[in-house]
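Heads up, the thing below is written out as structure tokens.
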Amino acid sequence: MKRTFFALFMLPAFSVAKTDNQACLNGRGIADIPLDLSKGRYIEGNIRFSGVDFARKGMTLNAVSDGLECMLFHNQTNEQQFLLWLPSEKWADLSLKAEENPRICYALTLKQSKATIDGVIRENTAPQSPRLQALQQDLKHDKQALEKFWQEMAGKGTPLVEGTGSSGRLLTFLYRGAQKNVRVLGAPGNGHEWMEKLPDSDVWYKSFTVPNDLRLSYQLAPDVPSPENLDSNEKEAQYRKRRALLAGLQPDPFNPHRLVETLWWI
Numbered sequence: 319m320k321r322t323f324f325a326l327f328m329l330p331a332f333s334v335a336k337t338d339n340q341a342c343l344n345g346r347g348i349a350d351i352p353l354d355l356s357k358g359r360y361i362e363g364n365i366r367f368s369g370v371d372f373a374r375k376g377m378t379l380n381a382v383s384d385g386l387e388c389m390l391f392h393n394q395t396n397e398q399q400f401l402l403w404l405p406s407e408k409w410a411d412l413s414l415k416a417e418e419n420p421r422i423c424y425a426l427t428l429k430q431s432k433a434t435i436d437g438v439i440r441e442n443t444a445p446q447s448p449r450l451q452a453l454q455q456d457l458k459h460d461k462q463a464l465e466k467f468w469q470e471m472a473g474k475g476t477p478l479v480e481g482t483g484s485s486g487r488l489l490t491f492l493y494r495g496a497q498k499n500v501r502v503l504g505a506p507g508n509g510h511e512w513m514e515k516l517p518d519s520d521v522w523y524k525s526f527t528v529p530n531d532l533r534l535s536y537q538l539a540p541d542v543p544s545p546e547n548l549d550s551n552e553k554e555a556q557y558r559k560r561r562a563l564l565a566g567l568q569p570d571p572f573n574p575h576r577l578v579e580t581l582w583w584i
């Protein structure tokens, strides 16, 4: 399973552990950089390159952890910023690949801080989706109902699309197994929508009535972090907290329709 993260401009961090790492690839085209998660699991990173041949393909930086590979960026650049949130991983490395620029040098700065999972669990016992209503009933007498449901979603693909009896459709975003919250970036509603949990299950969902010709790209952010040691300036602190959701953005694992590297579509 791959998770993909946005890379973006970073604000200065406050009361964080700072690590600097400088090295050259020396013809190898790859570098593995261990992360010390004891310094903090919310990571604001900046990497600068020298010796880049822009006539060749760019560099890729991945986070590798517990068998998961998370792309942080793929770009031709002299400098790139990124966010990374690793709430429960036992270990993690950064993997820099530059096969067509094997002699570049890099200067990596990591600012690591502690974070907690934002918010409280939002439950909703009255889903609009007929399929989720049926799942609620199945859960009362079938111990395998959840597994059957997710097998069905893996086969059909998500989001779940159902008829409404009119000219539109009921579109339901789904996520499995978050601890406290999931947000949808790019949903039909305003802002970054909170998903709700179906009680007594591992199903998170958010439904929208949409026109039949809707096309959109979206990502999901499970267990959004709330960084500690925020700036005393309330406006900047709130801005940094809002942007923290970008650290956990990932493609919908049950949606097979990849539009570009960082967006999935319906």
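Heads up, the sequence shown is in our numbering, so the first residue is 319 and it goes up one at a time.
Virtual Cβ for every residue (Gly too), placed ideally from N, Cα, C.
Simplified DSSP state of residue 319, which is helix, strand or coil:
Bear in mind that a pLDDT of 44 at residue 319, under 50, signals an unreliable position, so the model cannot answer this.
Would the beta-carbon of residue 536 fall within 8 angstroms of that of residue 566?
no
Could you say which of 418, 403, 369 and 406 lies nearest to residue 392 if we only look at CA atoms?
418
List the residues that DSSP assigns as beta-bridge partners of residue 540.
500
Who pairs with residue 378 in a beta bridge, going by DSSP?
392 and 415
Using alpha carbons as the reference points, say which of 484, 493 and 464 lies closest to residue 477.
493
I need the straight-line Cα distance from residue 555 to residue 542, nearest angstrom please.
16 angstroms
CA-CA distance, residue 465 and residue 499?
21 angstroms
Going along the chain, which residues of its own chain have a beta-carbon closer than 6 angstroms to the beta-carbon of residue 491, five neighbours each way excluded?
477, 502 and 524
Considering only C-alpha positions, which residue in the set 467, 437, 361 and 461 is nearest to residue 449?
467
When burial is assigned at 16 or more other CB atoms within 10 Å of the CB, is residue 521 buried or exposed?
buried
Leaving out five residues on either side along the sequence, give the residues of the same chain with a beta carbon under 7 angstroms from the beta carbon of residue 540.
493, 496, 500 and 566
Given residue 364 as reference, the closest of 371, 428 and 415 once Cα atoms are compared:
428
So the candidates are 546, 349, 397 and 443; which of them puts its Cα closest to the Cα of residue 430?
546
Counted within 10 angstroms of its Cβ, other Cβ atoms place residue 375 as buried (16 or more) or exposed:
exposed
Given that a residue counts as buried once 16 or more other Cβ atoms are within 10 Å of its Cβ, and exposed if not, what is residue 358?
buried
CA-to-CA distance, residue 533 to residue 575, given in whole angstroms
12 angstroms
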